[in-house]
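A short worksheet on the structure shown next.
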Amino acid sequence: MKVVWIEDETELLKECAEYLRREDIEVHGAATLSEAEALIREEKPDLLLVDWMLPGGESGLDLCKRNEREWGLPIIMVTAKGDEFDKVLALELGADDYLTKPFGLRELGARMKAVLRRTSKGNVREDGRHREDVRLQRGLLLLDNDKYAAQLEDRRLELTRTEFMLLWKLASHPGRVFTRTHLMDEALGDDYIGYERTIDSHIRNLRKKLGDNEAEKPYIETVYGIGYRFSEEAR
Numbered sequence: 003m004k005v006v007w008i009e010d011e012t013e014l015l016k017e018c019a020e021y022l023r024r025e026d027i028e029v030h031g032a033a034t035l036s037e038a039e040a041l042i043r044e045e046k047p048d049l050l051l052v053d054w055m056l057p058g059g060e061s062g063l064d065l066c067k068r069n070e071r072e073w074g075l076p077i078i079m080v081t082a083k084g085d086e087f088d089k090v091l092a093l094e095l096g097a098d099d100y101l102t103k104p105f106g107l108r109e110l111g112a113r114m115k116a117v118l119r120r121t122s123k124g125n126v127r128e129d130g131r132h133r134e135d136v137r138l139q140r141g142l143l144l145l146d147n148d149k150y151a152a153q154l155e156d157r158r159l160e161l162t163r164t165e166f167m168l169l170w171k172l173a174s175h176p177g178r179v180f181t182r183t184h185l186m187d188e189a190l191g192d193d194y195i196g197y198e199r200t201i202d203s204h205i206r207n208l209r210k211k212l213g214d215n216e217a218e219k220p221y222i223e224t225v226y227g228i229g230y231r232f233s234e235e236a237r
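The following block contains the structure:
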């Protein structure tokens, strides 16, 4: 496994890199966003580790947003910011997991491997075959499971990986009700340790991007006390 880690605490980076090398994980460190972007292009990593607060007022969240647009790599936020609001914000902006400092080295390694396991599941279809150009049409909504792309009429939807996986799961089974736990396992993986209500935040973002809030017939419906379903009457 090859990792690019954006972290300005050099001693922390050095200690963690030494441990991860023993786990056959190659770490390339960067202290700034520009250094990180150069390493991503050169090294083509499997995973990004991103600190929230960086020198010069830079934010790791900016890299999360750019990653969604350009690289689509799995991301773990590694930061001292531990409030629930911060965690939810990072996940909404494209992070796949969130690790709060201080942390144990074994937990770090375990979370990295877990994120790669669950994100690699997206390359395998439910029938066990690898994805090809798999498309799904629901009314005016077109989903491309090979490119993680969504289009509504002639407008491309800018979805995070998690949002796309949620939408794909729901749209694949119109009318079927999914609990939050089921959706969390599907979109974030059963290795994910976090808040069940995180799904609500992702669904809110999805509805906004789909225009559900103003629509007479929304794509995603709430089943109170249970979870969510995709409408059988897709517009």
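First residue of the sequence shown? That's 3 in the numbering used here, and the numbers climb one at a time after it. By construction, the Cβ of each residue, glycine as well, lies at the ideal position given by its N, Cα and C atoms. The structure presented is a predicted model; accordingly, all values stated were derived computationally and were not measured.
Cβ separation of residue i and residue j, assumed to be a contact under 8 Å, to the nearest whole Å
| i | j | result |
| --- | --- | --- |
| K4 | E28 | 5 Å |
| L145 | R137 | 7 Å |
| E60 | L35 | 5 Å |
| R231 | G177 | 6 Å |
| N207 | E160 | About 10 Å; that fails the 8 Å criterion. |
| L172 | F180 | 7 Å |
| L107 | V80 | Actually they are not in contact, since the Cβ atoms of L107 and V80 sit about 12 Å apart, beyond 8 Å. |
| A97 | C66 | 6 Å |
| E235 | K219 | 6 Å |
| W54 | K16 | Actually they are not in contact, since the Cβ atoms of W54 and K16 sit about 20 Å apart, beyond 8 Å. |
| V6 | A33 | That pair is no contact at about 12 Å. |
DSSP state of residue i mapped onto helix, strand, coil
| i | result |
| --- | --- |
| T224 | strand |
| K210 | helix |
| F105 | coil |
| L154 | strand |
| R199 | coil |
| R178 | coil |
| A217 | coil |
| E9 | coil |
Opposing strand residues paired with residue i [DSSP bridges]
| i | result |
| --- | --- |
| F232 | I222 |
| L142 | Per DSSP, none; premise fails for L142. |
| D99 | I78 |
| K4 | E28 |
| L159 | A152 |
| R120 | Answer by DSSP bridge pairing: none, since R120 is not bridged. |
| R137 | D146 |
Burial state of residue i (16 or more Cβ within 10 Å)
| i | result |
| --- | --- |
| I78 | buried |
| V225 | exposed |
| F105 | exposed |
| G130 | Any reading at G130 needs caution, since the residue's pLDDT is 39, under 50, leaving its predicted position unreliable; the model's value is listed next. The residue in question, G130, is exposed, as its Cβ has fewer than 16 Cβ neighbours within 10 Å. |
| G31 | buried |
| I258 | Here the chain comprises residues numbered 3 to 237, so residue 258 is not present and cannot be evaluated. |
| N310 | The first residue shown for the chain is 3 and the last is 237, placing residue 310 beyond what the model contains. |
| I228 | exposed |
| A112 | exposed |
| R199 | exposed |
| R238 | The structure shown has nothing for residue 238, since the chain only spans 3 to 237. |
| E70 | buried |
| D148 | exposed |
| K89 | buried |
| L142 | exposed |
| E188 | buried |
| P57 | exposed |
C-beta neighbour in chain D for residue i, strict 8 Å
| i | result |
| --- | --- |
| V29 | Any reference to chain D falls outside this structure, which holds one protein chain only. |
Only counting runs of 3 or more residues, tell me where the beta strand (DSSP E) segments fall wholly within the region 11-93, in order along the chain. 28-32, 49-52 and 77-81
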